[in-house]
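Visitor:
There are 2 protein chains.
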Amino acid sequence: MKPVNCSIITIGDELLIGQTIDTNSAWIAQQLNTIGIWVKRRVAVGDLKDDILSALDEENKHADLIILTGGLGPTADDITKPLLCEYFGGQLIEDKEILEHITRIFTTRKRPMLDVNLKQAMVPDNCTILFNEVGTAAGMWFEKNNTVYISLPGVPYEMQHIMSERAIPKLKDFFQTPSILHRTLVTSGEGESFIAARIHDFEEQLPSYIKLAYLPKLGSVKLRLTASDIQEDEIEKHFEKLKTLLKNITVSDEDIDIEEAINRILLSRNETLSIAESCTGGQLAARITSIKGSSNIFKGGLVPYSIESKINMLGVKKETIETYDVISSETVIEMAERCREKLHSTYALSVSGHLEKQENETIVWVGLSKEGRTFSKKVNVYYDREKNGVFVGNTALNLLRLFILEE
Amino acid sequence: MKPVNCSIITIGDELLIGQTIDTNSAWIAQQLNTIGIWVKRRVAVGDLKDDILSALDEENKHADLIILTGGLGPTADDITKPLLCEYFGGQLIEDKEILEHITRIFTTRKRPMLDVNLKQAMVPDNCTILFNEVGTAAGMWFEKNNTVYISLPGVPYEMQHIMSERAIPKLKDFFQTPSILHRTLVTSGEGESFIAARIHDFEEQLPSYIKLAYLPKLGSVKLRLTASDIQEDEIEKHFEKLKTLLKNITVSDEDIDIEEAINRILLSRNETLSIAESCTGGQLAARITSIKGSSNIFKGGLVPYSIESKINMLGVKKETIETYDVISSETVIEMAERCREKLHSTYALSVSGHLEKQENETIVWVGLSKEGRTFSKKVNVYYDREKNGVFVGNTALNLLRLFILEE
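Chains as they are written, first to last, in this note's numbering: chain A, 675 to 1081; chain B, 675 to 1081.
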């Protein structure tokens, strides 16, 4: 079966001067993969007619499906729609259904409708409309010489809606494609090269039609097996081998983050968590509560950012901080214990340290508490403020996960 | 002066199946812009030799400078280095300086060195090495037919280091380029189309060599003026006009986020802040503390995620919650007042609401407290859990900013 190749063209100067990070392409690629369409290239070009046209011509050589995002908003720098009209030889006409829809949106939100908004009801007469229920910029589907072109707005929320509800079902229909299988193992606690050394033989023995990719993040590495057009149990067999080899560092055999793994474990045990975090400033609580349903397992958090608040708000003894320092095993253990008591949770996690690089070593202490047991660990950090936050987050959450799971 | 055009080629299957979001390109584009190099195209291709070669050939038509990132890590799926050797007609040789450097890194971190790590000291003999002080994968600079090719590792931290310390100075030297001027106005409180309507005349009158772009985020819109090869005071004149037109919704006339604006205001006034946030689960505190030096202005935060913790930990009256509901003006006002008292801060911000879509309207209450004055505001949210978090964050932080600044 001939594979269906896709090129994604993202349009917008903001992507080229680096003021916006392109999250749309990654999302689109994930969705296409589930229906067996492979993104072969992604191209970003500016808001210039010639650059967009030349990208269309070039990607046409590579792809059976071309998805364009961006350039459809209400503001004046948008040129995509007239350009598509020209490229496919149509003209802009007013679409009644879209006009009614836009009017309804503005009436509901009690905001006056502007000329630029009305303009969004104008669409090329030679495309199939991919209706946008959640916004004002419609998606468009064109066909030319057996190639499909889909134009979508750049606002992620609207793009995602049109893609899921309109484009994906239509693409499934149009292309007859193989399904691509992925299996992802999430690990934490060892770096990329160490994992590579541990599974060297496994990799050597992997058949050529199954690909292994390393997806390292700060404090966590994901390993992904990919194959197309094979049986589920074939890839499963190899994935089971990989799981066995990396059992002691495995967070999950599903593609989820550590915070989601923790949410699931606690929910299944009917247990709860609280967090007292200083240097991470709320990041750990924010990650735990980013998961839907976290209110069932998360009692609450404290961000005692000053020494004063560690003493007054959390109840850490002044002497402990004075004797052992605010960044110490003793302090994080007291933080975890007081936090667990105050919030009546099964487990408490605490963190105190530096995220900003210090003169000698830069360290963060992690504390853990459950009934009858406390634990602390020193973590060395090597990056900048932002990256250290992510690294400490993954490391602390993984320590918590292991602490919950220990017998 | 002929502009220098750059194409960025990012290499890696993980970018095409959507498991990694490309943040490198945006960062590289920002750096190049400061030295007057314009990114004209960005292309992402997979770990396939033919696809990388064809991208090199094609981008060669568009660009004077081609920057490749990715494909240089220690693991087995990396093919970039041999390919570059072949493309530029060189061969891999061991670089003594790099070998010593890699050995030093492993000795310092007390980790055994593996064969895959040693392999990283092998580099093409026909390139200039861009030394990587913070990692094991070296950067490489090739020249061919007046085009410059730079190959960088995909790990953001290492890529950024090589780019800043090695590539940028060398590029400045190699190309004689115009400087590009940007001025960015950060606004909050009004949507893209409303702003567009307000500054319609300004846009019409803008000379063609100055470009205006709208960069909308959830709850905040950035407006950016761009021009190359003009005098600083020329763009400044137009930027001043824009500032005057949008005075009432301006957060900053520098390209900073609202949390940084708040940090600066509080620091300049020697005042402090505390936060009690329920539904945002730590996100607001994490944003405030993401700014270096925030320990000077942030006293601490509470994440009273359950009703129980709102009462026991924060001290909200049970009757208030029972009479008015946990999501109400009365509750967030008490949350803000108790938080300010507990943490002895000049201002307190509180939040209680739903981020998950509710059957009828989905709302979040924001509360604010300073001595002698409290304030609350209902915020309607329309997106999914994650986006509502960002939207509420921008909206609540902007309300806080206005509350601090009010006479």
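Idealized CB from N, CA, C, for every residue including glycine. In this text, all values refer to a predicted model and were calculated from it rather than measured experimentally.
Quick check on E732 (chain A) - is its C-beta less than 8 Å from some C-beta in chain B?
Guide: Yes, E732 (chain A) lies at the interface with chain B (some Cβ there is under 8 Å from its Cβ).
Visitor: Write down the C-beta distance between N679 (chain B) and D738 (chain B) rounded to the nearest angstrom, noting that I regard them as a contact closer than 8 Å.
Guide: 6 Å
Visitor: Considering only the beta carbon of each residue, do D721 (chain B) and G686 (chain B) sit closer than 8 Å?
Guide: yes
Visitor: Any C-beta of chain B sitting closer than 8 Å to the C-beta of V977 (chain A)?
Guide: Using beta-carbon distances, V977 (chain A) counts as an interface residue toward chain B, with a partner under 8 Å.
Visitor: Using a cut-off of 9 Å between C-beta atoms, extract the partners of T994 (chain B) located in chain A.
Guide: Per Cβ cutoff of 9 Å: no residues; T994 (chain B) is ~18 Å from chain A at best.
Visitor: Relative to the C-alpha of D1058 (chain A), which candidate in B:N1054, B:L1042, B:G955 and B:S964 has its C-alpha closest?
Guide: B:S964
Visitor: So, at 8 Å on beta carbons, what are the nonlocal neighbours of T1082 (chain A) in its own chain, with the 5 sequence-adjacent residues on each side left out?
Guide: Beyond the ends of chain A as shown, which are 675 and 1081, falls residue 1082 (chain A); an answer cannot be given.
Visitor: Does DSSP classify T694 (chain A) as helix, strand or coil?
Guide: coil
Visitor: Whether or not the region 923 to 943 of chain B and the region 991 to 1007 of chain B are in contact is what I'm after, with contact meaning three or more pairs of Cβ atoms, one per stretch, closer than 8 Å; do they touch?
Guide: no
Visitor: Are any of the Cβ atoms in chain A nearer than 8 Å to that of T697 (chain B)?
Guide: yes
Visitor: DSSP beta-bridge partners for H856 (chain A)?
Guide: A:T900
Visitor: Taking CB distances under 8 Å as the criterion, tell me whether S983 (chain A) reaches chain B.
Guide: Interface residue, yes.
Visitor: Since Y1057 (chain A) meets chain B, which of its residues come closer than 7 Å, beta carbon to beta carbon?
Guide: Y831
Visitor: Note down the Cα distance separating L892 (chain B) from G865 (chain B), rounded to an integer number of angstroms.
Guide: Straight-line Cα distance between these residues: approximately 9 Å.
Visitor: Which chain A residues are close to R667 (chain B), counting only those with a beta carbon under 7 Å from its beta carbon?
Guide: Nothing about residue 667 (chain B) can be reported from this structure: the residues present for chain B run from 675 to 1081 only.
Visitor: Which residues does DSSP list as the beta-bridge partners of I965 (chain B)?
Guide: Its beta-bridge partners do not exist; DSSP assigns none.
Visitor: Kindly examine the ligand ATP and report whether one of its heavy atoms sits closer than 7 Å to the Cβ of F1065 (chain A).
Guide: Looking at this structure, you won't find the ligand ATP or any other ligand, since it has none at all.
Visitor: Between the alpha carbons of F816 (chain B) and D769 (chain B), how many angstroms are there, rounded?
Guide: For F816 (chain B) and D769 (chain B), the distance between alpha carbons rounds to 16 Å.
Visitor: Looking at C-beta atoms only, is the number of pairs between the region 1035 to 1053 of chain A and the region 786 to 794 of chain B that lie closer than 8 Å three or more?
Guide: no
Visitor: Taking Cβ positions, are I854 (chain B) and L804 (chain B) nearer each other than 8 Å?
Guide: Not in contact: I854 (chain B) and L804 (chain B) (Cβ atoms no closer than 8 Å).
Visitor: At a Cβ cut of 7 Å, what residues of the region 805 to 823 of chain B count as close to chain A, listed as they run along the chain?
Guide: none
Visitor: Looking at A729 (chain A): is its Cβ nearer than 8 Å to the Cβ of V713 (chain A)?
Guide: no
Visitor: Using the Cα positions of A750 (chain A) and C953 (chain A), report the straight-line distance between them to the nearest angstrom.
Guide: For A750 (chain A), the pLDDT reaches just 47, beneath the cut-off of 50, and the residue's location in the model is therefore unreliable, although a value from the coordinates is still provided. Straight-line Cα distance between these residues: approximately 44 Å.
Visitor: Check whether chain A comes within 8 Å of A750 (chain B), counting only Cβ atoms and requiring the distance to be less than that.
Guide: In this prediction, A750 (chain B) has a pLDDT of 47, which is less than 50 and means its spatial position is unreliable; what the coordinates show is noted afterwards. Closer than 8 Å to some Cβ of chain A, the Cβ of A750 (chain B) qualifies, so yes.
Visitor: Name the residue from B:Y823, B:R857 and B:K966 whose alpha carbon lies nearest to the alpha carbon of K844 (chain B).
Guide: B:Y823
Visitor: Assign N1054 (chain B) to one of two classes, buried (16 or more other C-beta atoms within 10 Å of its C-beta) or exposed (fewer than that).
Guide: exposed
Visitor: Would E951 (chain B) and V1064 (chain B) be called neighbours here (beta carbons separated by less than 8 Å)?
Guide: no
Visitor: My output table needs one value for A960 (chain B): the three-state DSSP class, helix, strand or coil.
Guide: helix
Visitor: Go ahead and label N806 (chain A) buried or exposed: buried means 16 or more other beta carbons lie within 10 angstroms of its beta carbon, across all protein chains shown.
Guide: Here N806 (chain A) is buried: its Cβ has 16 or more other Cβ atoms, across all protein chains shown, within 10 Å.
Visitor: Closer than 8 Å, Cβ to Cβ, to anything on chain A: give me those residues from the region 1030 to 1055 of chain B, in chain order.
Guide: E1030
Visitor: Would DSSP call L1079 (chain B) helix, strand or coil?
Guide: helix
Visitor: Assuming G809 (chain B) contacts T743 (chain B) (C-beta within less than 8 Å), just tell me the rounded distance between them.
Guide: With 8 Å as the limit, G809 (chain B) and T743 (chain B) do not qualify as a contact, their Cβ atoms being about 13 Å apart.
Visitor: Could you please give the first and the last residue of the uninterrupted beta strand (DSSP E) stretch that includes M814 (chain A)?
Guide: G813 to K818
Visitor: Would you call K723 (chain B) buried or exposed, if buried means 16 or more other Cβ atoms sit within 10 Å of its Cβ?
Guide: exposed
Visitor: Within the region 961 to 1007 of chain B, note down every full beta strand (DSSP E) run reaching 3 residues or more, in order along the chain.
Guide: 972 to 977
Visitor: Output yes if chain A places a C-beta closer than 8 Å to the C-beta of D724 (chain B); else output no.
Guide: no
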